[in-house]
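Okay, so here's the structure we're looking at.
There are 2 protein chains.
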Amino acid sequence: MTALTTHELDSPPWLRVETTLMSTARLLRAAFDARLAPLDLNLTQASLLGYVNEFGPTTQTHLADHLGIGRAAIGSVIDRLQARGLVERQPRLDDRRVWLVAITPAGGELAREIAEVDQVLRAELRHGIGREERQALAWVMTRLQQNLASAITRTSQPAAAPNLSPDASDR
Amino acid sequence: MTALTTHELDSPPWLRVETTLMSTARLLRAAFDARLAPLDLNLTQASLLGYVNEFGPTTQTHLADHLGIGRAAIGSVIDRLQARGLVERQPRLDDRRVWLVAITPAGGELAREIAEVDQVLRAELRHGIGREERQALAWVMTRLQQNLASAITRTSQPAAAPNLSPDASDR
DNA sequence: GCAATACTGTACGGCGTCGTACAGTATGTG
DNA sequence: CACATACTGTACGACGCCGTACAGTATTGC
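If you read the protein sequences in the order shown, they are chains A and B. With my numbering, the residue at position 40 of the first sequence is 25, and numbering never jumps. With my numbering, the residue at position 144 of the second sequence is 129, and numbering never jumps.
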């Protein structure tokens, strides 16, 4: 049915922001995947296609950073898009380590359809949310990303004091 | 290592909210997982434990709804927690289909440690973000979830009254 | 020139979640 | 009472992403 995850009186709502954020992300992926299903794409593929279409040939590492996933993951995404002839890998003359991922004519065609779907869905999602609220959301999330990044690095390096856990076999 | 996904001048920031949200969610999971690693828990397990600890025995379906994951997924989560003796499944007398998931003494112990980790990390994440901004974030995301949910159902059911012209859907 | 170091993309195994199909139980209808 | 329908939890296969290890290439220092 409704599947609203954190409904009204479950718990202090400000206490469970993580849960809300996580499930919102899952819903977001589900919504885009559903709308993009006719094009046989998922959200990651569509984002990649849109990016390459807009900014031209790009290295895989840059794409991975931009989409916020790992270099290993981006490889298989590109593999599939390439197999469908939507992007192509071009060697870069002055650096033979990297591939430049470029859009093909077919990919450009599809990118336009993606943009359309994207616009329609985004309009629906904006419903009842004001412009400045959206901007505030974006700002807070960017800030949150910074805090998260430093929190993660701070975790992996507790500096001097090691804990006593018995595994600790790596690195 | 930096992994700031949407940095300054990549693209119109308002256009890529989905990407930002997705990667923020991944970072959030990563941050909690890192902090909870000493307890050998991930974010989902910790959330479940915290919820059961606070609200008492709960059916699996309710837990799944609350955490925003499927019923199938919640089963294996509970399996693992049960194997470690952190929760237990109690039959409910008046409905023998369901299990009530209840916390054990060991689980309650761990839940306190979780709450501590949670509080510390959350304090770090709040850095540079005001109280009303956090509340606005929560509000917008809740609203967004509603829109997402109806967008998904609307996708799967083009319903009775479709519009006739393929374009001109909004605007 | 040659070695040491840094960086890019790939291979592989693992984890978490999804979706569907299914068995067991409850609830409503004749 | 028998039957159909709805709901809960489980089994199984699939997908997306992660993390580590690795080979190929660039860059720097000698």
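Heads up, the beta-carbon is just placed ideally off N, CA and C, and yes, glycines get one too.
Burial state of residue i (16 or more Cβ within 10 Å)
i               : result
E(-7) (chain A) : Reliability of the predicted coordinates at E(-7) (chain A) is poor, the pLDDT of 39 falling under 50, and the value obtained from them is presented with this limitation in mind. Its Cβ having fewer than 16 others within 10 Å, E(-7) (chain A) is exposed.
Q30 (chain B)   : buried
H51 (chain A)   : buried
L26 (chain B)   : buried
T43 (chain B)   : buried
V105 (chain B)  : exposed
Q120 (chain A)  : exposed
A68 (chain B)   : exposed
G53 (chain B)   : buried
Q75 (chain B)   : exposed
L78 (chain A)   : exposed
R57 (chain A)   : Arg is not the amino acid found at residue 57 (chain A); the sequence shown has Ala there. Result: exposed.
Proximity of residue i and residue j at Cβ, strictly below 8 Å
i              : j              : result
L163 (chain A) : L34 (chain A)  : No answer is possible for residue 163 (chain A): it lies beyond the span of chain A, which begins at -14 and ends at 156.
L28 (chain A)  : V102 (chain A) : no
L13 (chain B)  : T9 (chain A)   : no
T4 (chain B)   : S32 (chain A)  : yes
L110 (chain A) : N132 (chain B) : yes
Q45 (chain A)  : G60 (chain A)  : yes
R128 (chain B) : I114 (chain A) : yes
Of the residues the options, the one placed nearest residue i, counting alpha carbons only
i              : options                       : result
L24 (chain A)  : A:G92, A:G60, A:R82           : A:G92
R107 (chain A) : B:N38, B:A136, B:A16          : B:A136
R97 (chain A)  : A:Q130, A:W124, A:L71, A:L129 : A:L71
D18 (chain B)  : B:R82, B:I99, B:H112          : B:I99
V2 (chain B)   : A:A49, A:M126, A:R77          : A:M126
V37 (chain A)  : A:R11, A:T89, A:Q130, A:W124  : A:T89
G41 (chain A)  : A:L66, A:A87, A:L48           : A:A87
H112 (chain B) : A:T138, A:A15, A:Q130         : A:Q130
Closer than 7 Å at the beta carbon, the chain B residues around residue i
i              : result
A10 (chain A)  : L6, M7, A10
R128 (chain A) : G113, I114
L106 (chain A) : A136
Partner residues on chain A for residue i, Cβ-Cβ distance less than 8 Å
i              : result
A91 (chain B)  : Ordered by position in chain A, no residue passes the 8 Å Cβ test against A91 (chain B), which lies about 18 Å from the chain.
V125 (chain B) : I114, E118, R119, A121, L122
I137 (chain B) : L12, A15, A16, A19
Partners in chain A for residue i, counting only beta-carbon separations shorter than 9 Å
i              : result
V62 (chain B)  : Going along chain A, no residue has its Cβ under 9 Å from V62 (chain B), so there is no contact; the nearest lies around 13 Å.
N132 (chain B) : A16, E109, L110, R111, H112, G113, I114
Neighbouring residues, chain B, relative to residue i (Cβ below 9 Å)
i             : result
E98 (chain A) : Residues of chain B passing the Cβ test: none, with the nearest at roughly 12 Å.
Mind checking the region 17 to 36 of chain A against chain B and listing, in chain order, the residues whose C-beta falls within less than 7 Å of any C-beta there?
Flagged, chain order: F17, A19, R20, L28, S32.
Name, going along the chain, the residues of the region 44 to 60 of chain B whose beta-carbon falls closer than 9 Å to a beta-carbon of chain A.
The region 44 to 60 of chain B vs chain A, Cβ under 9 Å: D50, H51, L52, G53, I54.
Of the residues that make up the region 66 to 78 of chain B, which ones have a beta carbon closer than 8 Å to any beta carbon in chain A?
none
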